[in-house]
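Novice: Just dropping this structure here.
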Ligand code: ADP
Ligand code: MG
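Numbering (my numbering), first residue to last: 2 to 293.
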């Protein structure tokens, strides 16, 4: 299904339950002690999560050479590939995708005290292959029940797009103690910069969410340069534009939302609750275009 630096992900059949699963096999023998500890942390964080927008870990085991993470199979593959395939997503379809991702982030940030830290289209997976007709889209209002029958996709029509889920907790981190909702570490003795750091650490996911939404809507990322130094400088300054003609027909409200996410000062950046309350997120799907 995919490869990482130290792992390969395979489609497999769980003989006990007769169900298809994904198995992430990590080459333990290539990892040093701290990298091994990171895999165990990834497993621990995934074990504690239970949300429809988060890929489930069903079991974990290890041999002397490998770690085996048995995961819910996401047959539809990466959001990244769908963007490449479709060039870009309609506003309705982008909203449908980003809301699911945002609900997963809300759960991580507010119920688990977890920051993902690696939100990107390669780590957002579809539970089944989205059926998206390329021609003659039929615009109909979104209906979640019908969508499950593979009836249609908002703003695209036909097929069905299923669920999008967050995968890859390899860089994720627990920042808040779940019970006390205080920063990790000794309460009362924590320095202000740590408290602030931990508060703002969630905002890295919000920046990434802004990058994903930007990319969904136009088909290319907000920050890009062939030179890594120039790219780094662009990101550091938050230098991006809504490039014409690609952005010309996209609603001003969508641009307003992105502006509140791709904002260099983390204290000014939208939190997940502000994101979910924004008018563009809560807008009804666009009406059908007039027949031609
Ligand atoms: P890495 O930390 O190496 O990036 P990931 O967990 O992101 O590892 O997995 C690498 C790739 O494998 C993903 O980008 C995706 O294409 C595929 N993959 C991962 N988990 C699943 C899954 N549960 N179902 C289907 N494909 C998966
Ligand atoms: Mg990954």
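Idealized CB from N, CA, C, for every residue including glycine. All values derive from a computational prediction rather than experimental measurement.
Smallest Cα separation from residue 75: which of 175, 103 and 129?
Specialist: Nearest C-alpha to residue 75: 129.
Novice: Who are the near neighbours of residue 47 in its chain, counting only those whose CB is closer than 6 Å to its CB and skipping five residues on each side?
Specialist: Result list for residue 47: 58 and 170, in chain order.
Novice: I want to check one thing, is the minimum distance from the CB of residue 72 to the heavy atoms of ligand 1 below 7 Å?
Specialist: Yes, Cβ of residue 72 sits closer than 7 Å to a heavy atom of ligand 1.
Novice: Taking a cut-off of 7 Å, which residues have a beta-carbon closer than that to any heavy atom of ligand 2, in chain order?
Specialist: Output, sorted by chain position: 5, 119, 123, 124, 168, 169 and 171.
Novice: Alpha carbon to alpha carbon, what distance is there between residue 213 and residue 254?
Specialist: Taking the straight line joining both Cα atoms gives about 16 Å.
Novice: Measuring from the CB of residue 47, is there a heavy atom of ligand 1 at a distance below 7 Å?
Specialist: Not so, every heavy atom of ligand 1 lies at least 7 Å from the Cβ.
Novice: Please specify which runs of the beta strand (DSSP E), each continuous and at least 3 residues long, are wholly inside the stretch 54–114, giving them in chain order.
Specialist: Within the stretch 54–114, the complete beta strand (DSSP E) runs of at least 3 residues are 58–63 and 67–73.
Novice: Among residues of its own chain, excluding the 5 on either side of residue 281, which ones have a beta-carbon nearer than 6 Å to its beta-carbon?
Specialist: Only 254, 255 and 258 meet the Cβ criterion.
Novice: Are residue 54 and residue 102 close, meaning C-beta to C-beta below 8 Å?
Specialist: The answer is yes: Cβ separation under 8 Å.
Novice: Kindly confirm or deny that the stretch 100–116 and the stretch 263–280 touch, where touching means at least three C-beta pairs closer than 8 Å.
Specialist: Judged by Cβ distances under 8 Å, the stretch 100–116 makes contact with the stretch 263–280, as three or more pairs qualify.
Novice: Per DSSP, what are the beta-bridge partners of residue 51 in this structure?
Specialist: In the DSSP output, where bridge partners are listed per residue, residue 51 has none listed.
Novice: Report the three-state DSSP secondary structure of residue 241 (helix, strand or coil).
Specialist: Coil at residue 241, not helix or strand.
Novice: Mind checking residue 194: buried by the 16 CB within 10 Å criterion, or exposed?
Specialist: Exposed.
Novice: What is the rounded straight-line gap between the Cα of residue 147 and the Cα of residue 62?
Specialist: Note that residue 147 scores 48 on pLDDT, short of 50, meaning its location in the model is unreliable; the coordinates nonetheless yield the value given after this. Those two C-alpha atoms are separated by around 38 Å.
Novice: Hey, would you say the C-beta of residue 80 is under 7 Å away from at least one heavy atom of ligand 1?
Specialist: The answer is no for residue 80.
Novice: Any idea if residue 45 is buried or exposed, counting beta-carbon neighbours within 10 angstroms, 16 or more meaning buried?
Specialist: Label assigned to residue 45: exposed.
Novice: Looking only at its chain, what residues have a beta carbon closer than 6 Å to the beta carbon of residue 202, apart from the 5 residues adjacent to it on each side?
Specialist: Once the five neighbours on either side are set aside, the close Cβ partners of residue 202 are 116 and 176.
Novice: Taking the C-alpha atoms as reference points, what is the distance between residue 233 and residue 215?
Specialist: Cα-Cα distance, rounded: 18 Å.
Novice: Ignore the nearest five residues each way along the sequence and tell me which others in residue 43's own chain have a CB closer than 6 Å to its CB.
Specialist: The residues are 170 and 171.
Novice: Please state whether DSSP places residue 215 in a helix, a strand or coil.
Specialist: Here residue 215 sits in helix by DSSP.
Novice: Candidates 236, 72, 206 and 241: which alpha carbon is nearest residue 118's?
Specialist: Measuring from the Cα of residue 118, the nearest candidate turns out to be 206.
Novice: Indicate whether residue 106 and residue 210 have their beta-carbon atoms separated by less than 8 Å.
Specialist: Yes, Cβ-Cβ distance for residue 106 and residue 210 is below 8 Å.
Novice: By the three-class DSSP mapping on this structure, what secondary structure does residue 30 have?
Specialist: Helix, per DSSP.
Novice: Ligand 1 heavy atoms versus the CB of residue 8: any closer than 7 Å?
Specialist: Yes, ligand 1 has a heavy atom inside 7 Å of this Cβ.
Novice: Going by DSSP, what residue range makes up the alpha helix (DSSP H) through residue 259?
Specialist: That run of the alpha helix (DSSP H) goes 253–262.
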